[in-house]
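There are 2 protein chains.
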Amino acid sequence: MLKHKHNHDECIESALEAAQKICEERETRFTPLRRRVLELVWSKHQPITAYEVLDLLSEGQKRVAPPTVYRALDFLIEEGFVHRIESLNAFVGCSDPAHKHQGHFMICTKCSNVTEMNEKSLHDVIKKAAKENGYTYENSILEIAGVCENCRN
Amino acid sequence: MLKHKHNHDECIESALEAAQKICEERETRFTPLRRRVLELVWSKHQPITAYEVLDLLSEGQKRVAPPTVYRALDFLIEEGFVHRIESLNAFVGCSDPAHKHQGHFMICTKCSNVTEMNEKSLHDVIKKAAKENGYTYENSILEIAGVCENCRN
DNA sequence: TGATGGGTTGATATTTTATAACAATCAGGG
DNA sequence: CCCTGATTGTTATAAAATATCAACCCATCA
Ligand SMILES: [Zn+2]
Ligand SMILES: [Zn+2]
Ligand SMILES: [Zn+2]
Ligand SMILES: [Zn+2]
Numbered sequence: 003m004l005k006h007k008h009n010h011d012e013c014i015e016s017a018l019e020a021a022q023k024i025c026e027e028r029e030t031r032f033t034p035l036r037r038r039v040l041e042l043v044w045s046k047h048q049p050i051t052a053y054e055v056l057d058l059l060s061e062g063q064k065r066v067a068p069p070t071v072y073r074a075l076d077f078l079i080e081e082g083f084v085h086r087i088e089s090l091n092a093f094v095g096c097s098d099p100a101h102k103h104q105g106h107f108m109i110c111t112k113c114s115n116v117t118e119m120n121e122k123s124l125h126d127v128i129k130k131a132a133k134e135n136g137y138t139y140e141n142s143i144l145e146i147a148g149v150c151e152n153c154r155n
Numbered sequence: 003m004l005k006h007k008h009n010h011d012e013c014i015e016s017a018l019e020a021a022q023k024i025c026e027e028r029e030t031r032f033t034p035l036r037r038r039v040l041e042l043v044w045s046k047h048q049p050i051t052a053y054e055v056l057d058l059l060s061e062g063q064k065r066v067a068p069p070t071v072y073r074a075l076d077f078l079i080e081e082g083f084v085h086r087i088e089s090l091n092a093f094v095g096c097s098d099p100a101h102k103h104q105g106h107f108m109i110c111t112k113c114s115n116v117t118e119m120n121e122k123s124l125h126d127v128i129k130k131a132a133k134e135n136g137y138t139y140e141n142s143i144l145e146i147a148g149v150c151e152n153c154r155n
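These protein sequences, in sequence, are chains A and B. Quick note: the first sequence uses this note's numbering, first residue 3, plus one each step. Quick note: the second sequence uses this note's numbering, first residue 3, plus one each step.
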């Protein structure tokens with residue numbers, strides 16, 4: 003269950019438009035394939051595996067091969083339009099692609115919905131912890147498993 | 003490079019003894035296989051993959067099959083003697099097996115050494131963030147990538 | 001024009017990581 | 001000893017990701 007009902011088509015559309023715009027700014031190539039893969043990642047509005055993307059991408063045409071999908075995903079991750087959820091081997095669209103970052107997520111163990119946290123304070127605490135332990139911070143993944151509000155009711 | 007030089011044999015030995023003791027308390031079975039796998043996980047004192055464990059375990063005897071290793075690792079993770087590092091598909095011995103928890107790690111991108119953080123404050127901040135976002139906290143993984151003190155020099 | 005070169009995609013094969021399913025063995029209680 | 005449940009062995013397969021090389025696209029410029 004999604005946290006809030008919303009027009010998901012619009013939601014996808016705005017993600018695609020944002021990506022397009024950012025790529026123009028950065029002069030990187032938002033090719034039809036990359037656009038289509040980003041659309042498919044958003045289509046589920048939940049974590050989606052590379053092979054699920056592959057299946058969707060292959061519908062109504064010759065089956066594509068894994069590298070096609072992985073390369074597109076690599077690009078989208080590199081640009082910050084998609085995050086990889088390590089604990090699920092799955093991918094999810096970024097809720098704030100304008101600002102490059104690694105994602106901090108909460109994952110509902112009942113419904114599999116994922117919420118991205120864009121909280122600077124949390125980010126700062128993590129950076130600080132790294133520093134205190136003598137590490138020069140590069141990036142981090144945080145994946146919290148729990149039960150979401152909807153699923154508790 | 004390890005942060006501090008130490009007698010690694012002793013280090014392994016004490017991890018094994020601690021595990022043995024905990025299993026006696028819990029009345030779970032610390033079989034020779036499970037003991038051996040835990041020993042191998044500790045032997046590297048760095049994240050080790052399941053198949054590396056498999057190779058080591060197979061030395062000087064008939065090659066064991068993957069399920070043998072994965073089942074032992076499952077047990078050790080369940081008991082809290084080993085953590086899985088999601089971003090590396092690898093496993094590492096827990097530095098504080100007496101208190102069950104999921105691990106929070108820093109991973110050096112130069113030397114691959116891993117430091118486990120057993121900081122309650124960090125744990126509390128993460129729990130708090132989950133609560134604020136409407137989630138009932140179950141557990142979490144945190145994996146910070148950075149450069150360790152040794153590797154900066 | 002058409003050669004050149006970088007970036008992208010296609011295609012084939014393989015590697016790496018993990019699990020399913022069932023048989024054999026072991027350890028403890030009656 | 002026999003039964004039972006847990007553990008381990010064995011075979012096969014699934015799932016996730018990558019290596020490699022060929023084909024294609026397209027902008028630049030000789
Ligand atoms: Zn994001
Ligand atoms: Zn839920
Ligand atoms: Zn630990
Ligand atoms: Zn290092």
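Quick reminder that beta carbons are idealized off the backbone N, C-alpha and C, glycines included.
Per-residue burial, residue i [other beta carbons within 10 Å of its own, 16 or more giving buried]
i	result
residue 108 of chain B	buried
residue 4 of chain A	For residue 4 of chain A, the predicted structure reports a pLDDT of 49, less than 50, and the residue's modelled location is therefore unreliable. A value from the coordinates is still provided. The residue in question, residue 4 of chain A, is exposed, as its Cβ has fewer than 16 Cβ neighbours within 10 Å.
residue 120 of chain A	exposed
residue 86 of chain B	buried
residue 65 of chain B	exposed
residue 81 of chain A	buried
residue 131 of chain A	buried
residue 186 of chain A	With chain A running from 3 to 155 in the structure shown, residue 186 of chain A is simply not present.
residue 92 of chain B	buried
Range covered by the alpha helix (DSSP H) that runs through residue i
i	result
residue 18 of chain A	10-28
residue 78 of chain B	68-81
residue 88 of chain A	Note, residue 88 of chain A: premise wrong, no alpha helix (DSSP H); not H, not E.
residue 41 of chain A	34-46
residue 54 of chain A	52-60
Closest Cα partner of residue i within the set the options
i	options	result
residue 50 of chain A	A/105, A/152 and A/94	A/94
residue 17 of chain A	A/41, A/131, A/154 and A/123	A/41
residue 37 of chain A	A/67, A/155, A/73 and A/68	A/73
residue 34 of chain B	B/125, B/48 and B/19	B/19
residue 112 of chain B	B/78, B/133 and B/152	B/152
residue 56 of chain A	A/39, A/31 and A/116	A/39
residue 122 of chain B	B/133, B/106 and B/134	B/106
residue 79 of chain A	A/14, A/136 and A/104	A/104
residue 31 of chain B	B/136, B/71 and B/77	B/77
residue 150 of chain B	A/150, A/154 and A/136	A/136
residue 45 of chain B	B/96, B/129 and B/90	B/96
residue 110 of chain A	B/116, B/48, B/59 and B/133	B/133
residue 118 of chain A	A/15, A/47 and A/128	A/47
residue 116 of chain A	A/88, A/128, A/58 and A/127	A/88
residue 84 of chain B	B/154, B/43, B/59 and B/58	B/43
N- and C-terminal bounds of the beta strand (DSSP E) containing residue i
i	result
residue 147 of chain A	138-149
residue 128 of chain B	Where residue 128 of chain B is concerned, there is no enclosing beta strand (DSSP E), although the alpha helix (DSSP H) it sits in stretches over 122-134.
residue 119 of chain A	Taken as a continuous stretch (DSSP letters only), residue 119 of chain A belongs to no beta strand (DSSP E), as it is neither H nor E.
residue 96 of chain B	Taken as a continuous stretch (DSSP letters only), residue 96 of chain B belongs to no beta strand (DSSP E), as it is neither H nor E.
residue 113 of chain B	Premise fails: residue 113 of chain B is in no beta strand (DSSP E) and is neither H nor E.
For this session: Flag this pair as touching only if the stretch 94-101 of chain A and the stretch 11-31 of chain A have three or more C-beta atom pairs under 8 angstroms; answer yes or no.
Result: yes
Exercise. Which residues, in order along the stretch 130-150 of chain B, keep a beta-carbon less than 7 angstroms from a beta-carbon of chain A?
Worked result: 131, 132, 135, 136, 137, 138, 139, 140, 141, 142, 143, 144, 145, 146, 147, 148, 149 and 150
Exercise. Hey, is the stretch 141-152 of chain B in contact with the stretch 139-148 of chain A, meaning 3+ C-beta pairs nearer than 8 angstroms?
Worked result: yes
Exercise. Are three or more beta carbon pairs between the stretch 7-20 of chain A and the stretch 52-61 of chain A nearer than 8 angstroms?
Worked result: no
Exercise. Taking a cut of 9 angstroms between CB atoms, which residues from the stretch 29-53 of chain B lie near chain A?
Worked result: none
For this session: May I ask you to list, following chain order, the residues of the stretch 109-120 of chain A that have a beta carbon less than 8 angstroms from some beta carbon of chain B?
Result: 110, 111, 117 and 119
Exercise. Taking a cut of 7 angstroms between CB atoms, which residues from the stretch 76-90 of chain A lie near chain B?
Worked result: 88 and 89
Problem set entry | Chain-ordered residues of the stretch 94-105 of chain B with a beta carbon less than 8 angstroms from chain A | none
Exercise. Taking Cβ-Cβ distances below 8 angstroms as the criterion, which residues of the stretch 55-77 of chain B are in contact with chain A?
Worked result: none
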